[in-house]
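J.: My structure is below; once you've seen it, I'll send some questions.
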Amino acid sequence: MLTREERDNLATVISILFDDNELRTLKHSFNERTLNTVELAMEELIKCNARMKELVTGLTMGISVFTRGWLKQSLDKIAQALRDRQLEFDGMACRNQVNINFRMEVYRSAL
């Protein structure tokens with residue numbers, strides 16, 4: 005079960021990652037499945053976007069990005085970096101790919 009703070013931070017990540025406020029309104033229903041889905045989406049984005057990989061790797065302080073659970077361990081730092089616009093996405097192609105592949109699954113996970 006996610007804490008309130010984790011759900012708030014996850015909502016920030018989802019809102020910016022998917023640029024979709026409708027998903028953010030499901031914040032109260034976010035759960036471990038939602039977190040895992042967003043983690044997979046971010047991994048796909050990282051593979052597509054070298055700059056994102058460098059920044060996330062720095063924020064996770066050595067935690068392997070491809071070890072399950074890395075997002076939950078660094079959720080507060082990543083949400084803050086997104087709020088502060090330290091993490092910006094290089095290409096629309098990467099964002100579109102992630103949106104197409106994961107948006108609906110994030111939505112379903114919170115139902």
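Those letters in the sequence shown? Residues 5 to 115, by my numbering. Ideal Cβ placement from N, Cα and C applies to all residues, glycine included.
CA-CA distance, Phe106 and Thr7?
T.: As a first step, residue 106 is located in the sequence shown; it is residue number 102 there, counting from the start. As a first step, residue 7 is located in the sequence shown; it is residue number 3 there, counting from the start. Rounded to the nearest angstrom, the two C-alpha atoms are 23 Å apart.
J.: Only counting the same chain, and skipping five residues up and downstream in sequence, which positions put a Cβ closer than 7 Å to that of Asp24?
T.: To locate residue 24, count along the sequence shown from 1; it is residue 20. Taken in chain order, the residues that qualify are Arg107.
J.: For Gln101, which option in Glu47, Asp88, Leu86 has the closest C-alpha, if you only look at C-alpha atoms?
T.: Start at 1 with the first residue of the sequence shown, and residue 101 comes out as number 97. Nearest option by C-alpha distance: Glu47.
J.: For the alpha helix (DSSP H) that contains Arg72, what are its first and last residues?
T.: If you number the sequence shown from 1, residue 72 lands on position 68. Looking at the DSSP string, Arg72 is not in any alpha helix (DSSP H), and its letter there is neither H nor E.
J.: In whole angstroms, give me the CA-to-CA distance for Asn40 and Met5.
T.: The residue labelled residue 40 in the question sits at position 36 within the sequence shown. The residue labelled residue 5 in the question sits at position 1 within the sequence shown. Their backbone Cα atoms lie some 12 Å apart in a straight line.
J.: Who are the Cβ neighbours of Asn13 in its own chain at under 7 Å, not counting the five residues just before and after it?
T.: Looking up residue 13 in the sequence shown gives position 9. Non-local beta-carbon contacts of Asn13 in its own chain, meaning distances under 7 Å to residues more than five positions away in sequence, involve Leu79, Asp80, Ala83 in chain order.
J.: Please name the residue, chosen from Ser33, Leu21, Leu75, Glu109, that lies closest to Leu86 on a Cα-to-Cα basis.
T.: Indexing the sequence shown from 1 puts residue 86 at position 82. If we check each option's Cα against that of Leu86, Leu21 comes out closest.
J.: Using 10 angstroms around the beta-carbon of Arg37, count the other beta-carbons present and answer buried if the total reaches 16, otherwise exposed.
T.: What you label residue 37 is simply residue 33 of the sequence shown in a count that begins at 1. Looking at its Cβ environment, which holds fewer than 16 other Cβ atoms inside 10 Å, Arg37 is exposed.
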